[in-house]
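Working notes for the structure below.
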Amino acid sequence: MTFTRKAADLVPIEDTVFAVVDLANKEAKKIGPENVVNATIGALYDENGELVAYKSVFDHYNQISNKAKAKYAASFVGNDSYRQQVYQWVTQGANLDLAHRVIATPGGSGAVSMTFANILDANETVILPNIAWGSYKLMATQNNFKVQTYSLFEEDHFNLDSFKAVCSEVLNQQKKLLIVINDPCHNPTGYSMTRSEWDQVIEFLNKCSEIGPVVLIDDIAYIDYAYDIPQSRKVMEAFNHISDNVLISIAFSCSKTCTSYGLRCGAAIILAKKEESVREVEIVFEKHARAVWSNIPNAAMDNFTWVTTDNYFNFLSEKQDYIDLLKQRSSIFMEEANKVGLDVYPYKEGFFVTVKCKDNNQRDQLHEKLIKHHIFTVKVNLGIRVAICSCSIEKTKGLATAIKMLAD
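Just so you know, UniProt numbering puts 185 at position 185 of the sequence shown, and the rest follows in order with no gaps.
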């Protein structure tokens, strides 16, 4: 006898990220933080090992009245000013000629999970990259989906052939596609696709849409830490060329953009050629929002709107300082990795670099060796994720060499 639905997954959740973060924190207390490399945390940390909370964001948030923080948002789909500003912020510099709607969500994860829940039916298949944020698969399981993965890389570039092969196979089975691409600043590899790669993806999806509807989730959680911000938006112009039977759901995260990870504020941006296509999906998303979370923090939405308009230049300046810091850290790691022959997946920008492993047995062995040497990282499929976002420059120096020595 069971009290849950028949299809429920009763295997206890094992969040490997939070588990290893806890392990790293305990080790730091035991032997001193100066003796521990904590490359686990997917959040910005400064050179003193402290979590970054932007002054340009939180000084104003702290001035918002208690009543404004306490009250409900204007609507369960989000405040109108917030929804408008999210679209302007995400598409700034890109000339998009598409119908669109914005739904406020609890973080970028809310946008992804909402799209999962409302596009496919149980026992259908969602297509994911083989190296990806682990929660995508958890979301699939919760919705009783099957999962097929495409190989993310062919040498140093996006593996278009694998992407096409997997999409074609799934399309033949169910006459509908739901696909996840995490770009730019891919978690966990730090890869960003070129405009040419995006053009080829869109051209192929248009062909697929002649057989059945295609929905693409573009998870842009880390977009505001791209090393070329204007280019991170400009590539979106590839979306202008989608056919009538292709719809794009962009998952945006205020949590990452504003270093406000705990405020849980984000958005789903629906894009399509036809207004009626967007409205159809919006109606379903509206009902999902009302039924699942009901409301997004009012003050978080209003603060994002103020920060990205009235405080625009102060915010950009402060954020750029940390983008520059990420560049320094990543350059140190990558130059050292190339020098010592540490094999990593193609990195371009963002929070993470991932060390390549030939299989998950080798990955597990390396991960254990690193822990024994007080180096804490996160296991991903076929690799070890190194969070340069949380490592100081001093601790980044020598890190690639240490990993290489333990990998051999």
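Ideal placement from N, C-alpha and C gives every residue a C-beta, glycine not left out.
Bounding residues of the beta strand (DSSP E) (the contiguous stretch that carries Asp228): Looking at the DSSP string, Asp228 is not in any beta strand (DSSP E), and its letter there is neither H nor E.
Span of the beta strand (DSSP E) around Lys379: In the DSSP assignment, Lys379 falls within the unbroken beta strand (DSSP E) covering 378-380.
Three-state class that DSSP yields for Ser253 in the structure shown: In the structure shown, Ser253 sits in a strand (DSSP, three-state: E or B).
Lys207 versus Ala53 - alpha carbon distance: Rounded to the nearest angstrom, the two C-alpha atoms are 45 Å apart.
Length-filtered (3 minimum) beta strand (DSSP E) runs lying within the region 328-381: You should have 352-356, 378-380.
Helix, strand or coil at Ile119 [DSSP, three-state]: Ile119 falls in the helix class under three-state DSSP.
Buried or exposed by the 16-neighbour rule on C-beta atoms within 10 Å, applied to Ser65: Counting Cβ neighbours within 10 Å, Ser65 comes out exposed, since fewer than 16 surround it.
Span of the alpha helix (DSSP H) around Gln200: 195-208 is the extent of the alpha helix (DSSP H) around Gln200.
Stretch pair the region 97-115 + the region 243-259: three plus CB contacts closer than 8 Å: With the cut-off at 8 Å, the region 97-115 and the region 243-259 touch.
contact_flag[the region 159-173, the region 329-345] where n(CB pairs < 8 Å) is 3 or more: As far as the Cβ criterion goes, the region 159-173 does not touch the region 329-345, which means the pair count is below three.
Complete beta strand (DSSP E) runs within the region 16-60 (minimum length 3 residues, chain order): Taking only runs of at least 3 residues, no beta strand (DSSP E) segment lies wholly in the region 16-60.
Pair within 9 Å by beta-carbon distance, Tyr150 and Ser135: Going by beta carbons, Tyr150 and Ser135 fall outside the 9 Å limit.
Start-end ranges of the beta strand (DSSP E) lying completely within the region 67-140, minimum 3 residues: Within the region 67-140, complete beta strand (DSSP E) segments of at least 3 residues are found at 99-105, 125-129, given in chain order.
Same chain, Cβ closer than 6 Å to Thr125, neighbours up to 5 away in sequence not counted: Close CB contacts of Thr125 within its chain, under the 6 Å cut and outside five residues either way in sequence, are with Lys146, Gln148, Val170 (chain order).
Asn298 (DSSP reduced to helix, strand or coil): Look at Asn298 here: in three-state DSSP terms it is helix.
Span of the beta strand (DSSP E), counted from its first residue to its last, around Val214: DSSP places Val214 in the uninterrupted beta strand (DSSP E) bounded by 214-219.
Same chain, Cβ closer than 7 Å to Val340, neighbours up to 5 away in sequence not counted: Take Val340, set aside five residues on each side of it, and the residues of its chain with a beta-carbon closer than 7 Å to its own are Ala400, Thr401, Lys404, in chain order.
Rounded C-alpha distance that separates Val215 from Val246: Rounded to whole angstroms, Val215 to Val246 spans 6 Å at the Cα level.
Rounded separation between Val57 and Asp121 - CA only: Distance between the alpha carbons of Val57 and Asp121: 40 Å.
Own chain partners of Gly398 with C-beta closer than 8 Å, once the 5 adjacent residues on each side are dropped: The beta carbon of Gly398 sits closer than 8 Å to those of Glu336, all from its chain and outside the five residues before and after it, given in chain order.
Cross-strand partners of Tyr150 (DSSP beta bridge): Paired residue(s): Pro129.
contact_flag[the region 40-48, the region 386-395] where n(CB pairs < 8 Å) is 3 or more: Yes, the region 40-48 is in contact with the region 386-395.
Selected residue, minimal CA-CA separation from Thr383, among Ser249, Tyr82, Ile131: It should be pointed out that residue 383 corresponds to Gly in this sequence rather than to Thr. If we check each option's Cα against that of Gly383, Ile131 comes out closest.
Range covered by the beta strand (DSSP E) that runs through Val181: For the sequence presented, residue 181 should be read as Ile rather than Val. Start and end: 177-182.
Exposure label - Lys26; buried when at least 16 CB within 10 Å: With fewer than 16 Cβ atoms within 10 Å of its Cβ, Lys26 is classed as exposed.
Contact belief for Lys287 with Val37 at Cβ below 8 Å, rounded distance in angstroms: At roughly 46 Å, the Cβ-Cβ gap does not stay under 8 Å, so Lys287 and Val37 are not in contact.
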